[in-house]
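Engineer:
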Amino acid sequence: MKSEDNVARWHILAAKEERYAQQQLKLGASGVSVVQITLNLPGGFTMYPWEKLLTAARAEVHAMLADLGVELVSESRLVNALGPCHLMAVLADGHTLKQHCIALEETATQGRLWDIDVITRRGAVNRHSLGLKGRMCWVCEQEEAHVCRLLRAHAADEVIAIAKKIAVWGTCINDCAS
Ligand SMILES: [Zn+2]
Numbered sequence: 136m137k138s139e140d141n142v143a144r145w146h147i148l149a150a151k152e153e154r155y156a157q158q159q160l161k162l163g164a165s166g167v168s169v170v171q172i173t174l175n176l177p178g179g180f181t182m183y184p185w186e187k188l189l190t191a192a193r194a195e196v197h198a199m200l201a202d203l204g205v206e207l208v209s210e211s212r213l214v215n216a217l218g219p220c221h222l223m224a225v226l227a228d229g230h231t232l233k234q235h236c237i238a239l240e241e242t243a244t245q246g247r248l249w250d251i252d253v254i255t256r257r258g259a260v261n262r263h264s265l266g267l268k269g270r271m272c273w274v275c276e277q278e279e280a281h282v283c284r285l286l287r288a289h290a291a292d293e294v295i296a297i298a299k300k301i302a303v304w305g306t307c308i309n310d311c312a313s
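Taking our numbering, the leading residue of the sequence shown gets 136, the next gets one more, and so forth.
1) Using 8 Å as the threshold, is the segment 289-304 in touch with the segment 176-196, meaning 3 or more CB pairs across them?
2) So, at 6 Å on beta carbons, what are the nonlocal neighbours of V214 in its own chain, with the 5 sequence-adjacent residues on each side left out?
3) Going by the C-beta, is A280 closer than 8 Å to any heavy atom of ligand 1?
4) What does the alpha-carbon distance come out to for the pair P219 and Q171?
5) On a Cα-Cα basis, can you pick out the residue from S168, T173, K137, G163 that is closest to E231?
6) How is V294 classed by DSSP in three states: helix, strand or coil?
7) Quick one, which of A191, W145, M223, V253 has its alpha-carbon nearest I237's?
8) Find the nearest neighbour of G166 within the set R144, T255, R154, judged by alpha-carbon distance.
9) So what's A249 in DSSP terms, helix, strand or just coil?
10) Nearest-angstrom Cα distance between A227 and G246?
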């Protein structure tokens with residue numbers, strides 16, 4: 136393995152540890168769940184207006200928490216080799232919260248580019264534990280995204296082109312792929 140590959144791997148590992156440490160720090164207070172917003176930006180986050188995207192996602196999550204009457208204890212932003220991440224410690228049940236976050240991912244204009252995770256002391260609440268399927272692929276809309284990723288079903292430049300359109304225009308109704 137080339138030494139620059141090793142350096143890159145080390146950076147990713149260090150970034151993962153840094154993010155995990157921040158999550159755990161927030162989970163320290165009792166009754167707290169962590170809402171983590173990350174961006175799903177194929178090809179690398181620097182190719183996109185990521186600050187704008189993250190700020191918009193944060194605003195939508197804030198509005199959702201306010202609607203639910205959920206208290207926000209603290210929040211922080213972390214940008215490292217894993218990409219940008221916004222962490223919020225909130226006083227709420229993780230499962231209920233996750234359902235609202237999923238609804239937001241699926242209805243917000245740019246929600247397809249967001250990953251809103253809910254983390255509790257027992258780990259992340261996943262869709263399957265709520266009886267839901269994984270997220271659909273936003274290129275073909277036929278398969279779950281992880282299936283298309285595994286099969287490398289779509290060319291990288293096609294995926295990036297669609298993501299860029301969503302980043303600028305939001306989810307298109309009819310002609311995203313054109
Ligand atoms: Zn697909």
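Beta carbons are placed, not taken as given, at the ideal position from N, Cα and C, and that holds for glycine.
The structure presented is a predicted model; accordingly, all values stated were derived computationally and were not measured.
Structural biologist: From the atom records:
1) The segment 289-304 vs the segment 176-196: in contact.
2) The answer is none, since no qualifying residue turns up.
3) A distance criterion of 8 Å places the beta-carbon of A280 in contact range of ligand 1, judged by its closest non-hydrogen atom.
4) So the two alpha carbons sit approximately 10 Å from each other.
5) The question names Glu, yet the displayed sequence has Thr at residue 231. Restricting attention to S168, T173, K137, G163, the CA atom closest to the CA of T231 is found in S168.
6) In this structure, V294 counts as helix in the three-state DSSP scheme.
7) Of the listed residues, the one whose Cα sits closest to I237 is V253.
8) Closest by alpha carbon: T255.
9) According to the sequence as given, residue 249 is Trp; it is not Ala. W249: strand per DSSP, three-state reduction.
10) Within the model, the alpha-carbon separation for A227 versus G246 is close to 22 Å.
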